[in-house]
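Numbering (the numbering used here), first residue to last: 201 to 494. Using N, Cα and C, we set each Cβ at its ideal position, and we do this for glycine too. Working notes, structure below.
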Amino acid sequence: MTVVFQSISSDPCYNYESLDRPWRANNESGDNVCDNSFSWNGWYRLFYYGMDIRMSETCISSYSCNTYINLWLSDPHPQIEDGVVIREVCGGTYWGSCCEYKSNPIRVKACPGNYYVYELVHSQLWCAGYCTDVSTISQVVSTVSPDIFTGSSTTLNYDPCNNYNILDNYWRTLNYQYIGESLTVHDDTRVEWDGWYRLFINGSSAQMPEWCLPYMSCGGLSSLYLDGSHPRLEDGVVTREMNGSRGGQCSRYRSNPIQVKACPGNVYVYKFTRPTLSIPAPVYCAGTVIHLYI
């Protein structure tokens with residue numbers, strides 16, 4: 201079946217979310233990230249560090265793509281003239297065959313510029329993940345820019361203590377943990393960060409932790425915290441490294457550094473930027489009560 205779109209505004213080739221997740225590639229391993237917890241909604245274009253990449257069309261080695269059940273297309277990608285097509289999705293595991301499981305089918309469309317968009321959906325399989333194939337990586341040649349979010353450039357022509365965005369997400373708290381499929385996993389690489397932020401939890405002033413966090417805290421899969429202490433008022437704007445804990449390892453990941461500033465009233469503002477893409481579902485953590493562990 202071919203679907204014809206009457207306008208660009210309804211064509212998924214021009215209406216998609218960029219999904220730049222290098223850890224989904226078939227040359228990645230070492231973790232078990234389950235797509236069951238992701239809130240899929242609409243069409244996605246897949247990237248690998250800013251380069252186009254496609255879903256795999258072949259059997260994938262066990263424990264690749266940082267998941268347990270590897271999801272791949274059981275049929276080839278379509279041609280542009282095919283329009284939107286439905287493709288079956290296979291799931292393979294270490295102990296089973298390449299297509300031991302059948303996941304829910306997805307829709308796929310070939311687009312001008314030699315890229316594809318996918319209508320990814322929730323898988324009914326336990327701990328399954330969509331896999332990409334590094335042999336299909338290509339430079340972006342489309343005139344349509346991918347929707348990749350980055351932080352704003354560094355400008356200090358105003359005081360961020362008086363010019364900030366309020367970030368009040370209850371799930372960023374240290375004692376909020378993602379457990380299985382009962383909660384939606386959050387991912388700060390999908391946020392359009394712009395400028396400086398002051399943290400709150402349910403209206404109460406908060407700040408980032410400076411210590412290792414329990415597994416899957418703060419609503420994500422990888423909990424980000426400051427590698428170093430907060431600055432003093434006289435320090436002005438400082439740069440702090442970011443650590444990410446996962447699976448009981450305190451400094452398993454190193455994310456992009458951020459800027460921090462101390463403000464009058466014992467509060468802090470942070471210039472958040474897009475976390476490192478290779479980290480699975482990273483989230484900036486916040487706490488209303490800060491303890492120091494020695």
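- Secondary structure at residue 397: strand, using DSSP grouped into helix, strand and coil.
- In the structure shown, the three-state DSSP call for residue 222 is helix.
- Counting only the Cα atoms, residue 445 lies some 22 angstroms from residue 400.
- Around the beta carbon of residue 387, 16 or more other beta carbons lie within 10 angstroms, which makes this residue buried.
- At a Cβ-Cβ threshold of 8 angstroms, residue 286 and residue 254 do not count as neighbours.
- Closest by C-alpha distance to residue 376, out of 261, 239, 226 and 487, is 487.
- Here residue 289 is not near residue 309, since their CB atoms are 8 angstroms or more apart.
- Taken through DSSP and simplified to helix, strand or coil, residue 323 comes out as coil.
- Considering only 467, 302, 334 and 317, the residue with the shortest C-alpha distance to residue 214 is 317.
- If you draw a 10 Å sphere on the C-beta of residue 295, you find fewer than 16 other C-beta atoms in it, and that means exposed.
- Rounded to whole angstroms, the gap between the alpha carbons of residue 220 and residue 246 is 6 angstroms.
- One Cα belongs to residue 368, the other to residue 435, and the distance between them is close to 26 angstroms.
- The beta carbon of residue 339 is closer than 7 angstroms to those of 251 in its chain, skipping five residues each way along the sequence.
- Going by beta carbons, residue 329 and residue 224 fall inside the 8 angstroms limit.
- In the displayed model, residue 300 falls within coil according to three-state DSSP, outside both helix and strand.
- Taking residue 458 as reference, the option from 421, 484 and 371 with the minimal CA-CA separation is 484.
- Comparing alpha carbon positions, the residue from 358, 227, 390 and 229 closest to residue 244 is 390.
- Assigned with DSSP and collapsed to three states, residue 288 falls in strand.
- Between the alpha carbons of residue 408 and residue 233 lies a distance of about 25 angstroms.
- Excluding its 5 nearest sequence neighbours in each direction, residue 273 has C-beta neighbours in its own chain below 6 angstroms: 255, 257 and 287, listed in chain order.
- DSSP lists 310 as the bridge partner or partners of residue 316.
- Taking the C-beta atoms as reference points, residue 405 is found nearer than 8 angstroms to residue 467.
- DSSP places residue 280 within a helical segment (H, G or I) once states are collapsed to three.
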